[in-house]
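**Q**
There are 2 protein chains.
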Amino acid sequence: MAGSGHIPEATVARLPLYLRALDEVAPSGQVTVSSEELADLSGVNAAKVRKDLSYLGTYGTRGVGYELDYLKFEIGRALGLAHTWPVVVCGLGNLGRALANHTGFTDAGFPVAAAVDTDLDKIGTTIDGVPVFAPAELGAVVSEFEIAIGVIATPASAAQAVADALVGAGVKSIMSFAPTVLVVPDDVELRAVDLATELQILGFHLHRSIENAET
Amino acid sequence: MAGSGHIPEATVARLPLYLRALDEVAPSGQVTVSSEELADLSGVNAAKVRKDLSYLGTYGTRGVGYELDYLKFEIGRALGLAHTWPVVVCGLGNLGRALANHTGFTDAGFPVAAAVDTDLDKIGTTIDGVPVFAPAELGAVVSEFEIAIGVIATPASAAQAVADALVGAGVKSIMSFAPTVLVVPDDVELRAVDLATELQILGFHLHRSIENAET
DNA sequence: ACGACTTTGTGCACGGCTTCACAATCACAA
DNA sequence: TTGTGATTGTGAAGCCGTGCACAAAGTCGT
Ligand SMILES: NC(=O)c1ccc[n+]([C@@H]2O[C@H](COP(=O)([O-])OP(=O)(O)OC[C@H]3O[C@@H](n4cnc5c(N)ncnc54)[C@H](O)[C@@H]3O)[C@@H](O)[C@H]2O)c1
Ligand SMILES: NC(=O)c1ccc[n+]([C@@H]2O[C@H](COP(=O)([O-])OP(=O)(O)OC[C@H]3O[C@@H](n4cnc5c(N)ncnc54)[C@H](O)[C@@H]3O)[C@@H](O)[C@H]2O)c1
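Here the protein sequences come in this chain order: V and Y. The C-terminal position of the first sequence is numbered 215 in this note's numbering, with every residue numbered one higher than the one before it. The C-terminal position of the second sequence is numbered 1215 in this note's numbering, with every residue numbered one higher than the one before it.
1. Taking the alpha carbon of Met175/V as the reference point, which residue from Ser209/V, Val44/V and Cys90/V has its own alpha carbon closest?
2. For Ala1153/Y, which option in Asn1212/Y, Gly1080/Y and Leu1195/Y has the closest C-alpha, if you only look at C-alpha atoms?
3. Starting from the N-terminal side, write out each stretch of the alpha helix (DSSP H) that is 4 residues or longer and does not extend beyond the region 2 to 42 of chain V.
4. Can you name the start and end residues of the beta strand (DSSP E) that Phe1133/Y belongs to?
5. Using the beta-carbon of each residue, which ones in chain V are nearer than 8 Å to Pro1179/Y?
6. Strictly below 8 Å CB to CB, what residues from chain Y border Leu92/V?
7. My guess is that Pro226/V and Phe145/V are in contact by the Cβ rule of under 8 Å, so how many angstroms apart are they, rounded?
8. Closest by CA to Thr11/V, which one among Val25/V, Ala26/V, Arg50/V and Lys72/V?
9. Nearer than 6 Å: is that true of the beta carbon of Gly104/V relative to any heavy atom of ligand 2?
10. Between the Cα of Glu74/V and those of Leu56/V, Val167/V and Gly168/V, spot the shortest distance and give me the residue it belongs to.
11. Please identify, using Cβ separations under 8 Å, the residues of the region 48 to 77 of chain V that lie next to chain Y, in order along the chain.
12. Sorted by chain position, which residues of the same chain lie with C-beta nearer than 8 Å to Asp128/V's C-beta, five sequence neighbours on each side aside?
13. Tell me the residue span of the alpha helix (DSSP H) that contains Arg97/V.
14. Taking 7 Å as the threshold (C-beta atoms), are Val1132/Y and Ala1158/Y in contact?
15. Alpha carbon to alpha carbon, how far is Ala178/V from Tyr1066/Y?
16. Tell me the residue span of the beta strand (DSSP E) that contains Val1089/Y.
17. In whole angstroms, what separates the C-alpha of Asp1023/Y from that of Glu1211/Y?
18. If you follow the alpha helix (DSSP H) that Ile201/V is in, where does it begin and where does it stop?
19. Suppose you measure from the CA of Pro1111/Y to the CA of Val1142/Y; what does that come to, to the nearest Å?
20. Under 7 Å, do Asp117/V and Leu92/V count as touching if we go by C-beta distance?
21. Quick check: does the Cβ of Phe177/V come within less than 6 Å of any heavy atom belonging to ligand 1?
22. Name the DSSP beta bridge partners of Thr1058/Y, please?
23. Identify the contact partners of Val1012/Y in chain V, using a Cβ-Cβ distance below 7 Å as the criterion.
24. Count the other CB atoms within 10 Å of the CB of Gly1203/Y; is the residue buried (16 or more) or exposed (fewer)?
25. Verify the contact flag: Leu1195/Y, CB atom, against every heavy atom of ligand 2, threshold strictly below 6 Å.
26. Can you list, in chain order, the residues of its chain with a C-beta nearer than 7 Å to that of Ser1034/Y? Leave out the 5 residues immediately preceding and following it.
27. Around the Cβ of Asp1121/Y, are there at least 16 other Cβ atoms within 10 angstroms (buried) or fewer (exposed)?
28. Looking only at its own chain, which residues have a Cβ that is under 8 Å from the Cβ of Gly1147/Y, when we skip the five neighbours before and after it?
29. Evaluate His1006/Y with the Cβ neighbour count: other Cβ atoms within 10 Å of its Cβ, from every protein chain shown; 16 or more gives buried, anything less gives exposed.
30. So with CB distances below 7 Å, who are the chain V contacts of Asn1101/Y?
31. Going by DSSP, which residues form a beta bridge with Gly1150/Y?
32. Beta-carbon within less than 8 Å of Thr58/V's beta-carbon, same chain only, minus the 5 sequence neighbours each way: which residues are those?
33. Whose Cβ in chain Y lies nearer than 8 Å to the Cβ of Pro16/V?
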């Protein structure tokens, strides 16, 4: 079964974890991995690992496990890892600079090729090897650097306008750090990373455990 | 029904969104909000909003909507927002500094009270108003500042050791940015924010839409 | 060649989340 | 007081993801 059919979203979200786990095993010279081992390394259930991999059409060998190199290749292919997707960072403030300076993204195939900011002092300069442009130049930047992904790291008040500009420039994938609801067309993939919300969820659990302790 | 019973995790994750949406409405002088309006502002389905709010035991008025101030109070109470939860940032590199310098966390009730780092040049100094300590001092720091949440922004290779140290110091909530699997006891709440994985998920969709276009 | 052992692939049942649809309920005007 | 219009609260159905459990299928030692 399985094969190149539809891959569930939950599975897609775990594929990068498997890939990372495999990279940790590789140096050991090991040739195969069992679903159990992969499960331990990636922090998920072994049955889930097997079901996930079955969606790729990747077959392991019963009694042995999965061939390491082949599995890495298959997961990488499913994720489209052969391609590199250049990123533009919008808003080079505290967070934007940290992102631009991060080498891990380039290593994963997502080089930060350019940035845009409204700050006149930054426009025209190169920060951490990343050239900075004015927002008005976004369209040209997207074509020039073949930008595939836009990262929004501006204040929340500017986020929707930046998102609109990215969409207008033809960008189909956006990752936003701005704590606000963004509206984008259906064919644009939006992932919102909301750190304050993450903290509030932690706060909720802290709060509740205290309440329960008092009871 | 409902009341102070168990609140589903999915609902908890949306409560901060509602709170943010309500803060946007407040200045308008409006007294009540309908579930529909709240749904638009927070980007979720109206029925979901009503069901979520019903878990809080917060009752709106049929034909009218929810009283704004009362709703804000109730959601805030459910999230434990009365309390402030001091945070320690572990690893003051690119990302750690951005986090430490971010005012939004303090505003939301999560002040960055202290940081730890192995860099001898940083230990003993104050960066962006945050005092920096050596990892060995973590236990003392946690008691001294009544730390409730630990944020891990060290290289992945050090993340598990830092997590262990946080757990050892009695911290029950951890937010990690390190791209690695962390193991913590059951009574410790761990939220892993993996930006490279987020990008890879976007990459997957880009990859697939290209594939489909070719077919 | 064969049996013992290992590990995969998946059918199935379960639980949680989402969404629809609508009766119940309230405000308010006449 | 009664009718009208609006909006909530929730039962029920459907969907998706999880995890168990086990037959199928391979390896390996003898
Ligand atoms: N710093 C953090 O650790 C952190 C944490 C969580 C969330 N965030 C969110 O990330 C976003 C950025 O945070 P920050 O701390 O880097 O803010 P910042 O104020 O340091 O930086 C914002 C940058 O965006 C630029 N900018 C403003 N309007 C712009 C526009 N229209 N187009 C392009 N650039 C524009 C500014 O010039 C500035 O350089 C905010 O929405 C913030 O809430 C930040
Ligand atoms: N910078 C980013 O935008 C970004 C994006 C995604 C993920 N991350 C992840 O976040 C983490 C931090 O990234 P960064 O760019 O800030 O790295 P960095 O190298 O700039 O900073 C790491 C900091 O941690 C300190 N450190 C090292 N070992 C430590 C220990 N045992 N205890 C305390 N402090 C220690 C170092 O002295 C340094 O200051 C990494 O795991 C990285 O993969 C970063």
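All C-beta atoms, glycine included, are put in the ideal place defined by N, C-alpha and C. On a predicted model such as this, the values are computed, not experimentally measured, just so you know.
**A** In brief:
1. In the first sequence, residue 175/V corresponds to position 175, counting from 1. When each option's Cα is compared against that of Met175/V, the closest is Cys90/V.
2. Looking up residue 1153/Y in the second sequence gives position 153. Cα-wise, what sits closest to Ala1153/Y is Leu1195/Y.
3. Counting whole runs of 4 or more residues, the region 2 to 42 of chain V contains the alpha helix (DSSP H) stretches 9 to 25 and 35 to 42.
4. Reading the second sequence from its first residue, position 133 is the one you call residue 1133/Y. Segment Val1130 to Phe1133, the beta strand (DSSP E) holding Phe1133/Y.
5. The residue you call residue 1179/Y lines up with position 179 of the second sequence. The contacting residues are Arg20 and Gly104.
6. Taking the first sequence and counting its residues from 1, one reaches residue 92/V at position 92. Per Cβ cutoff of 8 Å: no residues; Leu92/V is ~11 Å from chain Y at best.
7. What is shown of chain V runs 1 to 215, which leaves residue 226/V out entirely.
8. In the first sequence, counting from the first residue as 1, residue 11/V sits at position 11. Nearest of Val25/V, Ala26/V, Arg50/V and Lys72/V to Thr11/V, Cα basis: Arg50/V.
9. Counting from one through the first sequence, the residue named residue 104/V turns up at place 104. Answer for Gly104/V: yes, Cβ within range of ligand 2.
10. Taking the first sequence and counting its residues from 1, one reaches residue 74/V at position 74. Minimum Cα distance to Glu74/V is reached at Leu56/V.
11. none
12. Mapped onto the first sequence, residue 128/V falls at position 128. Within the same chain, Asp128/V has close Cβ partners Arg97, Ala100 and Asn101.
13. The residue given as residue 97/V occupies position 97 in the first sequence. Taken as a continuous stretch (DSSP letters only), the alpha helix (DSSP H) holding Arg97/V covers Asn94 to Asn101.
14. As a first step, residue 1158/Y must be located in the second sequence, where it is residue number 158. As a first step, residue 1132/Y must be located in the second sequence, where it is residue number 132. Not in contact: Ala1158/Y and Val1132/Y (Cβ atoms no closer than 7 Å).
15. The residue you call residue 178/V lines up with position 178 of the first sequence. The residue you call residue 1066/Y lines up with position 66 of the second sequence. When the Cα atoms are used, Ala178/V and Tyr1066/Y turn out to be separated by approximately 27 Å.
16. Stepping through the second sequence from its first residue, residue 1089/Y is reached at position 89. That run of the beta strand (DSSP E) goes Val1087 to Cys1090.
17. Residue 1023/Y sits at position 23 when you count from the first residue of the second sequence. Residue 1211/Y sits at position 211 when you count from the first residue of the second sequence. The straight-line gap from Cα to Cα measures roughly 43 Å.
18. Translated into the one-based positions of the first sequence, residue 201/V becomes position 201. Per DSSP, Ile201/V belongs to the alpha helix (DSSP H) from Leu195 to Glu214.
19. Sequence index remark: in the second sequence, residue 1111/Y carries index 111 (1-based). Sequence index remark: in the second sequence, residue 1142/Y carries index 142 (1-based). The straight-line gap from Cα to Cα measures roughly 13 Å.
20. For the purposes of this step, residue 117/V is taken as the residue at position 117 of the first sequence. For the purposes of this step, residue 92/V is taken as the residue at position 92 of the first sequence. Yes, the pair counts as a contact, with Cβ atoms nearer than the cut-off.
21. Mapped onto the first sequence, residue 177/V falls at position 177. Because some heavy atom of ligand 1 lies under 6 Å away, the Cβ of Phe177/V counts as near it: yes.
22. Here residue 1058/Y refers to the residue found at position 58 when the second sequence is read from its first residue. According to DSSP, Thr1058/Y bridges with nothing at all.
23. For the purposes of this step, residue 1012/Y is identified with residue 12 of the second sequence, where counting begins at 1. Within 7 Å Cβ-Cβ: Ile201 and Phe204.
24. Mapped onto the second sequence, residue 1203/Y falls at position 203. Buried, since its Cβ has 16 or more Cβ neighbours within 10 Å.
25. Taking the second sequence and counting its residues from 1, the one referred to as residue 1195/Y is at position 195. In this structure, the C-beta of Leu1195/Y approaches ligand 2 to less than 6 Å from one of its heavy atoms.
26. As a working mapping, residue 1034/Y is identified with position 34 in the second sequence. Take Ser1034/Y, set aside five residues on each side of it, and the residues of its chain with a beta-carbon closer than 7 Å to its own are Gly1065, in chain order.
27. Reading the second sequence from its first residue, position 121 is the one you call residue 1121/Y. Result: exposed.
28. On the second sequence, residue 1147/Y is found 147 positions in, with the first residue counted as 1. In the sequence as displayed, the identity of residue 1147/Y is Ile instead of Gly. Answer for Ile1147/Y: Pro1086, Val1087, Val1088, Ala1113, Ala1114, Val1141, Ala1169 and Val1171, listed in chain order.
29. Residue mapping note: residue 1006/Y aligns to position 6 of the second sequence, counting from 1. So His1006/Y ends up on the exposed side.
30. By one-based count along the second sequence, residue 1101/Y stands at place 101. The contacting residues are Asn94.
31. Against the second sequence, residue 1150/Y aligns to sequence position 150. Bridge partners of Gly1150/Y: Val1088/Y and Ile1174/Y.
32. Working through the first sequence from its first residue, we reach residue 58/V at position 58. Hits under 8 Å: Tyr66, Tyr70, Leu71, Glu74 and Ile75.
33. Residue mapping note: residue 16/V aligns to position 16 of the first sequence, counting from 1. Correct list: Asp1194, Ala1196, Thr1197, Gln1200 and Ile1201.
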